[in-house]
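Worksheet for the structure shown next.
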Amino acid sequence: MKHSILSEGDEEPMDPVRKDEFDSEACGSIAPKAKPCPRPKPGEAAGGCSFDGAQITLLPIMDAAHLVHGPIACAGNSWESRGTLSSGPCLSQYGFATDLTDSDIIFGGEKKLKESIDYIAERFAPPAIFVYSTCVTALIGEDMDAVCKTAAERIGIPVIPVNSPGFVGSKNLGNRLAGDALLQYVIGTGEPEPLTPLGVNLIGEYNIAGEMWDIEKLMNSAGITVTSRITGDARYKEITWAHRAKVNMVVCSRALLGLAKEMESRYGIPYFEGSFYGAKETTYSLRQMAFLMNDREMERRVDRLTEREEARLSQDLRPYRKLLKGKRAVLYTGGVKSWSVISALKELGVQVVGVGTNKSTEDDVRRIADRVGDDTEYIPEGGASRIIKTVRERKADIMIAGGRNMYVAMKEQIPFIDINQERHKAYAGYEGLLRLAKELTYSLANPIWKLAASPAPWDKEAHPYDR
Amino acid sequence: MSKDELNIKDNTSLFKEERYVQQRENKKQFEAPCSEQETAEALAYSKSAEYMEKNFNRQNVVINPHKACQPLGSVMAALGFEKTLPFVHGSQGCNAYFRSHLSRHFKEPTPSVSTSMTEDAAVFGGMNNLIDGLENSVALYKPEMVAICTTCMAEVIGDDLNSFIGNARIKGVISEEYPVAYCNTPSFVGSHITGYDAMIKGILSYLYTRSGIESKPGSGADSGEKLNVLLGFEPYTGNFAELRKILAAFDTKYTILGDHSGNYDSPATGEYEYYYGGTKLEDVPQAANALGTLSLQKYTLKKTQEYISGTWNQQISALSTPLGIKGTDQLLEAISELTGLPVPASLTEERGRVVDALMDSHPYLHGKRVALVGDPDLLIGLIGFCLETGMEPVHIVCSNGDVDYNEVKFKDEAEALLATSPYGSEATVHVGKDLWHMRSLLLNDTVDLAIGSSHLKFAAKDADVPLIRVGFPIFDRHHMHRYPIIGYQGTLNLLSLIVNTILQQLDDNHSGFNFELVR
Chain C
1 MKHSILSEGD EEPMDPVRKD EFDSEACGSI APKAKPCPRP KPGEAAGGCS
51 FDGAQITLLP IMDAAHLVHG PIACAGNSWE SRGTLSSGPC LSQYGFATDL
101 TDSDIIFGGE KKLKESIDYI AERFAPPAIF VYSTCVTALI GEDMDAVCKT
151 AAERIGIPVI PVNSPGFVGS KNLGNRLAGD ALLQYVIGTG EPEPLTPLGV
201 NLIGEYNIAG EMWDIEKLMN SAGITVTSRI TGDARYKEIT WAHRAKVNMV
251 VCSRALLGLA KEMESRYGIP YFEGSFYGAK ETTYSLRQMA FLMNDREMER
301 RVDRLTEREE ARLSQDLRPY RKLLKGKRAV LYTGGVKSWS VISALKELGV
351 QVVGVGTNKS TEDDVRRIAD RVGDDTEYIP EGGASRIIKT VRERKADIMI
401 AGGRNMYVAM KEQIPFIDIN QERHKAYAGY EGLLRLAKEL TYSLANPIWK
451 LAASPAPWDK EAHPYDR
Chain Z
1001 MSKDELNIKD NTSLFKEERY VQQRENKKQF EAPCSEQETA EALAYSKSAE
1051 YMEKNFNRQN VVINPHKACQ PLGSVMAALG FEKTLPFVHG SQGCNAYFRS
1101 HLSRHFKEPT PSVSTSMTED AAVFGGMNNL IDGLENSVAL YKPEMVAICT
1151 TCMAEVIGDD LNSFIGNARI KGVISEEYPV AYCNTPSFVG SHITGYDAMI
1201 KGILSYLYTR SGIESKPGSG ADSGEKLNVL LGFEPYTGNF AELRKILAAF
1251 DTKYTILGDH SGNYDSPATG EYEYYYGGTK LEDVPQAANA LGTLSLQKYT
1301 LKKTQEYISG TWNQQISALS TPLGIKGTDQ LLEAISELTG LPVPASLTEE
1351 RGRVVDALMD SHPYLHGKRV ALVGDPDLLI GLIGFCLETG MEPVHIVCSN
1401 GDVDYNEVKF KDEAEALLAT SPYGSEATVH VGKDLWHMRS LLLNDTVDLA
1451 IGSSHLKFAA KDADVPLIRV GFPIFDRHHM HRYPIIGYQG TLNLLSLIVN
1501 TILQQLDDNH SGFNFELVR
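As you go down the protein sequences, you meet chains C and Z in turn. Position 11 of the first sequence, counting from 1, maps to 11 under the working numbering, and the rest follow consecutively. Just remember that the working numbering sits 1000 ahead of the position in the second sequence, which is counted from 1.
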């Protein structure tokens, strides 16, 4: 049997949690029965580490500087590799690293760190500097917290230690540790301007391909303002006053639900988990916001907006629905997308015949179950080969997964759509659903699949696989 | 359905719309509290000569690095051998980075596994992870060899691979005969090229030692006619094909030691295999009996070359990446010398055709000022190519110099090469510098072209200089790696790439009267 060797990178096999306290509080509202997040198994191609996860969460704070304290590779292998877009500052795109070498490993890198922070503060004048620990600096016992603390006092801007070295566990744990850093050092340290209208924090929306902007436009049309973006296309300052928001919407529950829960208990901000994939989920999320804001007029505006948008969308989707009706898809993604994209696909007439569950919380799985039929196969473990097996067995027409399953799908000649962090298309909101419909159609209808599936004219043997 | 029946914009055009522009403006209230004028002044300052000096005095922080780490090179090296599974001993994220990095460049899957060390391994050592990892991966992926490299974490806690692998055998997880090669590759030392070297040497020495064969260079019954070829950390699958074409023209037998082109250029057959191509394991010990060894990246392959000339007692011709006419001439002479075969007429003819092409384009190349970024051997090749076309290298940045070969350091060789031509007189070679240094160089002393990896695109954009993508990694263009850049054919490819970029620029920047049909 082929196995998970092919699964790659970021959104991949999920993903152990090594700290027990996270198990009950951040893995969904239902306390998991057994160990919900098994430790990574040695000898498989595991996904990203906690360092990676912490960066993913914080890098979309676009005006801050992000400094990696460690050997060159942790920065050298990772800088500027996610599709999280900025509408303004781009300091976040710079790859800053202390580049520790063997003598630093022996004598310590704290001096180097201190001087690096000073240099960045002087040259780039960021509103804050995030400093990431790595395996090496954690193992040699660097006192990063102390260096950051004295540096912050010296240079007069926040210098925030992010203690999430790779070896503590999965990418997912790193997301949460980053959330912890925001709670500890950022949220509640600032106040909005007196006249700033307060509204909703979007938590766990990273503005991949600009999706956040579509969402904001919708919210604004209904009169709902975004207080803080945590952290898609964010500015440092807006996160400092996140505690003044009236509602928290958790867009990616797997990553930052714990943050929303903590903000509820600390600041009394109600939260809900929602999504913007598909018209139904989008409408639900907007309604939920208005409801929790406790503003009747806003609710009425939301109703008018969603009715109008849904009607227009349904008109616009007509030609696509005709083409997509009855098509079968295998969906392999995690978190909020695992269930909300099912909704979106159903609205397009596409049937999900297989769905990945190993990166989903129990809540997510329950939501998946609510949305799919009995004959949908759950894919509990990672790996493109496992997914491809499902595609074959369930006679799926298309595979919807992360960008790095793509190359295996291509080898197997399976139409593919990238749904994860490397996608270049925004699928959120009503317009996003139209884009999704268009991308599905293009992917399915491209002439290359016919060409790829037919043997060379002089090769009489039939193609081994006839989909 | 017509493509534009519904006008759904992508993010390139969508966010140019007025409402999004407005949204961006509104967000400025959250941004750094300085005026547009101050921002403009700061930006202008960052482009000044005064700042460049400060930038070059920067000691501690690296900004926009241009190197990857040792184990990334080791993974690529391991994929050069038949049915070999790269195995990264350390925490899980490193492996995920290597796989996505390599896959983004080649647009192909990268099979590689990790021991996924966590906190308890940090305290008690990673032996159990390694033993379990060997058991699991051999059962799941059925490799014929496992090639283990270490990461920072394993090195800092001092894991002993040799004894761990021994213990895995004692425990019966793998048999006594099962081949497991390894090397130590902490990323706080060296770069991807030293890691590549460490793994190639690790595999060659391991397979040779366990075979019990005694090297008799040039004297084996059949293998004595063979030539060993090493390409090094080679981001171009097309270069393997080009070299095979050249060796076929010579009609010599050869063994490529470390050929990952199969894994990174496999056909779409409708079924994915784990392992494509690669050097046959049984060919490796036989390589000790070869005529001699040709190495195409002498700085990259330093330790491997030492091993081959020392232990295998073999004649070595160590070149840098053979780019351009002269670089290729050297390659052909080296093959000719090692094999005793004359340079075939077909290659001489090809040479003439490419020289002809260079002549056709020379008016557009002459005097073009060029900035170069890359690994040491690639840069030596590129400098040579520039000099023979009349292009003038101006800024040369090599983050992972100064590797030395036979006590000649990269910087010395690069400067000596530049000194051989008047076109090299303006050049400075910066070793250990990063792309933020390069940005200062580009802004203060402007050039016509930048040549380097995709990572250079930010600095090139700031300086408004067109970027010719050459080297590793190339994430943002497709199929570059499928075309060779070595040999005469590669020279032609590189020439077309450069001259056509220049011609496109002429068309883009015309002022009306010079929008000409014939160039």
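Glycine included, every Cβ here is placed at the ideal spot set by N, Cα and C. These numbers were taken from a predicted model, which means no experiment stands behind them.
| Asked | Found |
| --- | --- |
| Should Ser1211 of chain Z and Pro1109 of chain Z be called a contact, given that it needs their Cβ atoms to be closer than 7 Å? | no |
| What separation, rounded to the nearest whole angstrom, lies between the Cα atoms of Arg392 of chain C and Leu1497 of chain Z? | 41 Å |
| So, are the CB atoms of Ala245 of chain C and Val302 of chain C less than 7 Å apart? | no |
| Can you confirm whether Ala1068 of chain Z, when its beta carbon is compared against all beta carbons of chain C, has any partner nearer than 7 Å? | yes |
| Taking the straight line between their C-alpha atoms, what separation do you get for Val1499 of chain Z and Ser164 of chain C? | 48 Å |
| Measure the CB-CB distance between Ser116 of chain C and Thr137 of chain C and report whether it falls below 7 Å. | no |
| Tell me which residues share the same chain as Lys1302 of chain Z and place their Cβ nearer than 7 Å to its Cβ, disregarding the 5 neighbours each side in the sequence. | Asp1197, Val1403, Tyr1405 |
| Of all the options Z:Asp1132, Z:Val1061, Z:Arg1519, Z:Met1117, which has the alpha carbon lying nearest to the alpha carbon of Ser1361 of chain Z? | Z:Arg1519 |
| Thr134 of chain C and Phe1188 of chain Z - do their beta-carbons sit closer together than 7 Å? | no |
| Classify Ala1416 of chain Z as buried or exposed, calling it buried when 16 or more other Cβ atoms lie within 10 Å of its own Cβ. | exposed |
| Could you check whether the segment 1093-1109 of chain Z touches the segment 1132-1149 of chain Z, counting it as contact only if at least three pairs of C-beta atoms, one from each stretch, sit closer than 8 Å? | no |
| Can you name the start and end residues of the beta strand (DSSP E) that Asp418 of chain C belongs to? | 416-418 |
| Measure the Cβ-Cβ separation of Ala384 of chain C and Asn405 of chain C and say whether it is below 7 Å. | yes |
| Whole angstroms are fine: how far does the CA of Ala121 of chain C sit from the CA of Gly210 of chain C? | 29 Å |
| If we count the other Cβ atoms within 10 Å of its Cβ and call it buried at 16 or more, is Gln1305 of chain Z buried or exposed? | buried |
| State the start and end residues of the unbroken alpha helix (DSSP H) segment that holds Arg123 of chain C. | 110-124 |
| Rounded to whole angstroms, what is the Cα-Cα separation between Ile1316 of chain Z and Tyr332 of chain C? | 50 Å |
| Rounded to whole angstroms, what is the Cα-Cα separation between Glu412 of chain C and Leu182 of chain C? | 43 Å |
| According to DSSP, which residues form a beta bridge with Tyr1141 of chain Z? | Paired residue(s): none; Tyr1141 of chain Z is not in a bridge. |
| Below 9 Å on C-beta distance, what does Pro71 of chain C contact in chain Z? | Cys1069, Cys1152, Pro1186, Ser1187, Phe1188, Val1189 |
| Step through the CB atoms of chain Z and report whether any lies within less than 7 Å of the CB of Ala97 of chain C. | yes |
| Apart from the five residues on each side of it in sequence, which residues of its chain come closer than 7 Å, Cβ to Cβ, to Leu1495 of chain Z? | Ala1357, Leu1358, Ser1361 |
| Chain C beta carbons: is any one of them nearer than 7 Å to that of Ala1168 of chain Z? | no |
| Which residue from C:Gly403, C:Glu310, C:Ile239 puts its Cα closest to that of Ala128 of chain C? | C:Ile239 |
| Kindly indicate which three-state DSSP category Gln351 of chain C falls into: helix, strand or coil? | strand |
| Closer than 8 Å between beta carbons: that is the criterion. Which residues of the segment 397-419 of chain C meet it against chain Z? | Arg404, Tyr407, Val408, Met410, Lys411, Glu412, Gln413 |
| Assuming Lys246 of chain C is part of the beta strand (DSSP E), what are its boundary residues? | Segment: none, Lys246 of chain C is in no beta strand (DSSP E) and carries neither H nor E. |
| Taking only three categories from DSSP, how would you classify Ala34 of chain C? | At Ala34 of chain C, the pLDDT of 34 sits below 50, so the modelled position is not reliable and the matter cannot be decided from this model. |
| Check the DSSP bridge columns for Asn1521 of chain Z and list the partner residues they point to. | The requested residue 1521 of chain Z is not part of the displayed model; chain Z covers only 1001 to 1519. |
| Pairs of beta-carbons, one from the segment 1168-1186 of chain Z and one from the segment 1139-1156 of chain Z, closer than 8 Å: are there three or more? | yes |
| With 7 Å set as the bound, which would you pick, yes or no: does the beta-carbon of Ser1116 of chain Z sit closer than that to a beta-carbon of chain C? | yes |
| Mind listing the chain Z neighbours of Thr101 of chain C? Cutoff is C-beta to C-beta under 8 Å, in chain order. | Phe1188, Val1189 |
| Sort C:Pro42, C:Asp370, C:Leu324, C:Ala401 by Cα distance to Tyr442 of chain C and report the nearest one. | C:Leu324 |
| Using the three-state DSSP reduction, which class does Lys1216 of chain Z fall into: helix, strand or coil? | coil |
| Looking at Pro415 of chain C: is its Cβ nearer than 7 Å to the Cβ of Leu433 of chain C? | no |
| Any idea if Lys33 of chain C is buried or exposed, counting beta-carbon neighbours within 10 angstroms, 16 or more meaning buried? | With a pLDDT of 36 at Lys33 of chain C, under the threshold of 50, the modelled position of that residue is not reliable, and no figure is offered here. |
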